[in-house]
Amino acid sequence: MNLITGIDVTSSALNAQRTRLDIVAQNIANAQTTRSVDGRPYQRKVVTFETELLRQSGAVRGSAAPTAVRVASIQTDNTPGQKVYDPQNPDAAADGTVTMPNVNLAYEMVDLITATRAYEANLSVAKNARQIAMKTLEIGK
Amino acid sequence: MIDPIFQSGNYQLARKLLDGAVLRQEAIASNIANSETPGYRRMDITGDFASELRARVATMGASATSLADLQPHLAEDPHARTVRPDGNSVEVENELLEMNRNTMEYNFMADVVSYNIKQLRVAITGRTTA
């Protein structure tokens with residue numbers, strides 16, 4: 004048992020949300036990248052989460068144990084990007100069009116806000132857990 | 004001689020409820036951590052902890068022996084409604100409010116336990132200052 008209850012669960016969530024923020028940052032940064040490492044336009048990345056059982060619950064049947072969260076995978080969004088007519092661009096195809104990355108800034112901003120709020124919610128859980136631990140140490144004082 | 008203070012009904016009850024509050028804090032931490040996990044169902048302390056506690060206090064009174072084997076457990080909340088298309092049933096706002104309420108409850112119970120111990124100190128030293 005931890006002195007600060009549930010802190011391992013909360014820290015796993017903070018980690019997962021931070022990874023998501025990193026990916027959003029990467030998507031926004033590459034919103035105009037027409038030539039990525041493989042020579043093709045950048046494809047936006049999507050983070051998926053999954054639960055992770057931290058420890059088996061006791062012998063009692065039907066009782067559940069707290070579950071942490073982890074990043075299950077970072078997948079590539081394969082929807083085709085917009086084609087823009089720009090013959091001057093070195094990455095233009097023979098017909099003069101350039102395939103842009105499939106990054107939609109509006110989606111990314113919504114994701115950014117959601118991830119930030121989720122991060123903040125988990126931070127306030129950590130703060131509360133700390134307060135409970137402090138109170139425990141004060142018992143009898 | 005010191006038995007009567009630690010046998011007090013309030014002290015024993017507060018001990019059990021502290022266990023419950025700590026476990027609920029863990030459940031809430033898990034719920035908020037998984038608020039974006041597809042298919043996650045929110046968990047909480049099983050309802051029979053409260054009813055069993057009430058029943059035991061009503062029939063046998065609150066004492067160390069009557070409450071000894073009563074432990075809170077976590078389970079999926081069967082009443083939670085699904086709030087996201089992916090089957091997740093966590094409402095972060097409710098969890099945060101529940102967490103605040105639970106922390107207040109914990110603080111109060113810790114004060115009750117503290118108060119009992121302080122009383123014992125007064126009995127031993129005859130002074131109120133720590």
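So the protein lines, in turn, are chains A and B.
Each residue of the first sequence is one higher than the one before, counting from 4 in my numbering.
Each residue of the second sequence is one higher than the one before, counting from 4 in my numbering.
The beta carbon of each residue, even a glycine, is placed where N, CA and C say it ideally should be.
Since this is a predicted model, take the numbers as computed values, not measurements.
When the Cα atoms are used, residue 84/A and residue 102/A turn out to be separated by approximately 6 Å. Taking a contact to require three or more Cβ pairs closer than 8 Å, the segment 17 to 24 of chain B and the segment 69 to 77 of chain B qualify as touching. Sixteen is the threshold: when 16 or more other Cβ atoms of the shown chains lie within 10 Å of the Cβ of residue 56/B, as they do, the residue is buried. The shortest C-alpha to C-alpha distance from residue 104/B to any of 40/A, 76/A, 131/A is the one to 131/A. The straight-line gap separating the alpha-carbon atoms of residue 96/A and residue 32/A is approximately 23 Å. From the beta-carbon of residue 28/B, the residues of chain A found nearer than 9 Å are 8, 9, 128, 131, 132, 135. Restricting attention to beta strand (DSSP E) runs no shorter than 3 residues, the segment 75 to 108 of chain A encloses them at 86 to 88, 100 to 102, ordered along the chain. Around residue 76/A, the same chain offers 51 as residues with beta carbons nearer than 6 Å, after the five sequence neighbours per side are excluded. According to DSSP, residue pairing for residue 53/A in a beta bridge involves 73/A. Residue 138/A carries a helical assignment under DSSP once its states are collapsed to helix, strand and coil. Contact note: residue 138/A reaches chain B through 109, 110, 113, using a C-beta cutoff of 7 Å and chain order. Closest by C-alpha distance to residue 12/B, out of 51/B, 129/B, 59/B, is 59/B. Closest option to residue 10/B, judged by alpha-carbon separation, among 45/B, 109/B, 69/B: 69/B. When DSSP states are grouped into helix, strand and coil, residue 10/A belongs to the helix group.
Under the criterion of beta carbons closer than 8 Å, residue 34/A and residue 106/A qualify as touching, at roughly 4 Å. Near chain B, meaning a CB-to-CB distance below 7 Å, no residue of the segment 20 to 51 of chain A qualifies.
If you check the CB distance, residue 72/A and residue 85/B do not come in under 9 Å. Within the segment 64 to 95 of chain A, the residues whose Cβ lies closer than 8 Å to some Cβ of chain B are 65, 66, 67, 68, 69, 70, 71, 72, listed in chain order. The three-state secondary structure of residue 73/B, taken from DSSP, is coil. Under the Cβ criterion of 9 Å, residue 111/A is not counted among the residues facing chain B.
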